[in-house]
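*Asks:*
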Amino acid sequence: MDLHAKPLVAVINTSHVTHAISPLMNGAHFSPLNHQVQVLLANMIFDESFEQTPLNGCRNSSGLCPCGAPGCHAPPDPSRYGNYQNHSWIPIGSAPYILAPPCASVEGAAVATACTYNGNVSARLDQTRVDRVLNRGLYQQGFAFKRHRHDGSLFARSPGPVKLRVSIEDDEDGTVLASAMLVGGGNWTRISFSLTPSRTTRCVGFPSNTPPLWCDCSAEECHTCVRCGGLFAVQLIEGESVDLDYISLAAAPSSQQ
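Heads up: the sequence shown begins at 17 in the numbering used here, then just goes up one per residue.
Here is the structure:
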């Protein structure tokens with residue numbers, strides 16, 4: 017990312033312990049806004065651990081499921097935003113939600129290790145309901161991809177062998193700018209990949225309060241919204257089903273100068 021910023025060096029004194037961090041967390045800061053761990057990485061994916069994604073029918077005013085299930089938040093009005101009603105992941109298929117069904121009832125910390133890789137929920141892709149998910153960043157604003165390498169990873173779990181395709185695409189015309197095939201199977205496994213877009217994606221001013229972008233300037237101090245063309249996609253190509261968790265994508269270190 018070419019931000020023309022001076023390098024910032026953080027010095028950590030490991031002998032000065034101020035807080036105890038749960039072993040279930042993958043970082044040193046827990047954000048009350050996103051309800052998931054944030055670390056010092058330039059992750060472009062918003063809702064990387066699917067904690068923001070609403071469950072089917074969770075649209076009450078408080079933003080929580082009637083059962084108070086974790087990770088359940090109210091999406092924007094579906095009559096205005098259609099398939100882009102989620103402010104994070106967009107499911108492609110016949111089902112309106114992508115969260116994996118909860119596993120057997122267990123108490124406390126055991127939930128995270130028994131059900132998911134990280135946090136309280138994971139996403140499930142299968143060949144009959146949802147086989148593809150899209151991410152356009154925070155509030156569907158899109159990504160400003162450049163023609164350099166982007167490194168990423170995801171955690172996958174499946175009952176048998178699976179083949180996945182990850183891709184960087186231009187949402188303006190549907191062009192696939194880069195893609196990679198991944199193979200996995202069995203218990204939670206980290207799968208890494210690299211993608212280099214064939215061209216940059218442009219960013220333009222966009223009218224406020226206009227779908228598919230979830231951006232409303234009417235009650236905020238802003239004069240316009242910005243929509244970029246880049247999106248990231250994960251698709252199940254072969255296999256019955258796969259659970260996904262903690263997906264990351266960032267410009268390669270050599271590109272972040």
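Virtual Cβ for every residue (Gly too), placed ideally from N, Cα, C.
1) Can you grab the Cα-Cα spacing for the pair residue 198 / residue 32, in whole Å?
2) DSSP three-state label for residue 269, please.
3) From which residue to which residue does the beta strand (DSSP E) around residue 212 run?
4) Between residue 222 and residue 231, which are expected to be in contact by the criterion C-beta below 8 angstroms, what is the C-beta distance as a whole number of angstroms?
5) On the DSSP bridge list, what partners appear for residue 264?
6) Assuming residue 158 contacts residue 241 under a Cβ cut-off of 8 angstroms, what Cβ separation, rounded to an integer in Å, is found between them?
7) Between which two residues does the beta strand (DSSP E) containing residue 142 stretch?
8) DSSP puts residue 251 in a beta bridge; with which residues?
9) Grab the span of the beta strand (DSSP E) containing residue 242 for me, first residue to last.
10) What did DSSP end up calling residue 154 once you bin it into helix, strand or coil?
11) Is the beta carbon of residue 263 sitting closer than 9 angstroms to the one on residue 64?
12) Return yes when the Cβ of residue 216 is within less than 9 angstroms of the Cβ of residue 172, no when it is not.
13) Would you decide whether residue 214 is buried or exposed? Buried here means 16 or more other CB atoms lie within 10 Å of its CB.
14) Tell me the DSSP secondary structure of residue 159 in three-state form.
15) Could you please give the first and the last residue of the uninterrupted beta strand (DSSP E) stretch that includes residue 66?
16) Going by DSSP, name the residue or residues bridged to residue 220.
*Replies:* With the structure as the only source:
1) As a working note, residue 198 is residue 182 in the sequence shown. As a working note, residue 32 is residue 16 in the sequence shown. Cα to Cα, the separation comes out at about 42 angstroms.
2) Here residue 269 refers to the residue found at position 253 when the sequence shown is read from its first residue. DSSP places residue 269 within a helical segment (H, G or I) once states are collapsed to three.
3) The sequence position of residue 212 within the sequence shown is 196, counting from 1. It is not in any beta strand (DSSP E) - residue 212 carries neither H nor E in the DSSP assignment.
4) Numbered from 1 along the sequence shown, position 206 holds the residue referred to as residue 222. Numbered from 1 along the sequence shown, position 215 holds the residue referred to as residue 231. So it is a contact: roughly 7 angstroms between Cβ atoms.
5) Working through the sequence shown from its first residue, we reach residue 264 at position 248. 169.
6) Locating residue 158 in the sequence shown gives position 142, where the first residue counts as 1. Locating residue 241 in the sequence shown gives position 225, where the first residue counts as 1. Residue 158 to residue 241, Cβ: 11 angstroms. No contact.
7) Your numbering for residue 142 matches position 126 in the sequence shown. Where residue 142 is concerned, the enclosing beta strand (DSSP E) starts and stops at 139–142.
8) Position 235 of the sequence shown, counted from the first residue, corresponds to residue 251. Under DSSP, residue 251 forms a beta bridge with 148, 181.
9) One-based indexing of the sequence shown puts residue 242 at position 226. Annotation: the continuous beta strand (DSSP E) that includes residue 242 extends over 241–244.
10) Taking the sequence shown and counting its residues from 1, the one referred to as residue 154 is at position 138. Secondary structure of residue 154 (DSSP, three-state): helix.
11) For the purposes of this step, residue 263 is identified with residue 247 of the sequence shown, where counting begins at 1. For the purposes of this step, residue 64 is identified with residue 48 of the sequence shown, where counting begins at 1. It is a contact, given that the beta carbons lie within the stated cut-off.
12) Numbered from 1 along the sequence shown, position 156 holds the residue referred to as residue 172. Numbered from 1 along the sequence shown, position 200 holds the residue referred to as residue 216. No, these two residues do not count as a Cβ contact at 9 angstroms.
13) The residue you call residue 214 lines up with position 198 of the sequence shown. Burial call: exposed.
14) Counted from its first residue, the sequence shown places residue 159 at position 143. Strand, per DSSP.
15) Position 50 of the sequence shown holds residue 66. No beta strand (DSSP E) holds residue 66; DSSP gives it neither H nor E.
16) Start at 1 with the first residue of the sequence shown, and residue 220 comes out as number 204. Answer by DSSP bridge pairing, in chain order: 243.
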